[in-house]
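Working notes, structure below.
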Amino acid sequence: MLIWRIASNVLPTKANLAHRMGGTALSCPVCKQEDETIIHLFYKCPISRAIWFSNPWSLHSDAFLVTNHKELAMLVIDPPIIPSTSTPIKSLKEQSTIQLALTIDTIWQLRNQQEHSDVQLNFFSTIKTLETKIWEQIKMVETTVGERVRTAPRWSTPPQGTIKLNVDAAMLNQLAALAVVARYSIGVLKAWTKIVPLNDVLMAEAAATLWAVEIAKSEGY
Ligand SMILES: [Zn+2]
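Throughout the sequence shown, residue numbering follows my numbering, covering 641 to 861 in sequence.
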């Protein structure tokens with residue numbers, strides 16, 4: 641339903657509401673930095689980008705090359721898949737659709753929470769819930785089609801006893817959104833995000849890396 645509303649451009653984002661009803665409040669309820677269009681909210685918003693990046697596949701939203709709401713919906717319905725020798729393409733497509741649809745749904749729920757209540761954004765709990773939902777759905781699909789539930793899927797987690805920190809930085813106007821995700825053998829352990837005043841992408845990436853080192857030190861990793 642959500643994907644259908646995205647495809648038809650009828651999702652009540654601020655930009656869509658303003659266009660239809662003449663409102664003037666346009667700014668994204670999540671980052672408050674840009675107008676809330678469908679593309680901004682699900683694709684460009686630094687918090688959304690951090691959510692994409694933090695899921696089990698660690699995706700960078702700018703790798704999708706999505707320019708409008710229709711392309712975003714098509715990405716979910718018919719995800720571009722690189723064929724693999726070990727898993728049938730139908731299975732890969734199903735897994736990707738589940739992951740993309742649940743990520744988009746999570747972003748929409750987070751957006752509604754930020755828009756309608758004063759609850760502080762809890763990045764870690766958001767991505768942990770998303771991770772659990774993705775695993776549950778994938779296991780359900782694999783079980784329903786009679787396949788063996790795979791314990792070793794096509795993405796790999798760090799070896800047991802190891803903690804891996806992934807970093808990401810996204811630019812937005814004169815600000816950079818930094819994200820650090822700590823993963824261990826069974827999934828996401830912890831995650832952090834913050835917005836800092838920086839206007840250079842290399843500086844932002846360096847700041848994210850430095851922040852990860854500081855986190856590793858203070859967490860005792
Ligand atoms: Zn935003």
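For glycine and all other residues, C-beta sits at the position ideal for the given N, C-alpha and C.
query: A822 - DSSP class collapsed to helix/strand/coil; result: strand
query: Check: H814 C-beta below 7 Å from any heavy atom of ligand 1; result: It should be pointed out that residue 814 corresponds to Gln in this sequence rather than to His. No - ligand 1 has no heavy atom lying nearer than 7 Å to the Cβ of Q814.
query: Cβ pair count under 8 Å reaching 3, the segment 664-676 against the segment 744-755; result: yes
query: E776 CB to nearest heavy atom of ligand 1 below 7 Å; result: no
query: Alpha-carbon spacing of T791 relative to T797, whole angstroms; result: Per-residue confidence for T791 stands at a pLDDT of 39, beneath the threshold of 50, marking its modelled position as unreliable; the derived number appears in the next sentence. Each residue's alpha carbon lies about 11 Å from the other.
query: Under the three-state DSSP convention, the category D745 falls into; result: helix
query: Helix, strand or coil at T707 [DSSP, three-state]; result: coil
query: Residues bridged to A846 [DSSP beta-bridge criterion]; result: The partner list for A846 (beta bridge, DSSP) is empty, contrary to what the question assumes.
query: E755 Cβ short of 7 Å to ligand 1 heavy atom set; result: no
query: Three-state secondary structure (DSSP) of K654; result: helix
query: Rounded separation between I744 and F682 - CA only; result: 7 Å
query: For L770, the nearest candidate out of I778, L742, A817 (CA to CA); result: L742
query: From V821, A809, H659, residue whose alpha carbon lies closest to that of M843; result: A809
query: Counterpart residues of L815 in DSSP-defined beta bridges; result: L812
query: With 16 other Cβ atoms within 10 Å as the buried cut-off, status of W644; result: exposed
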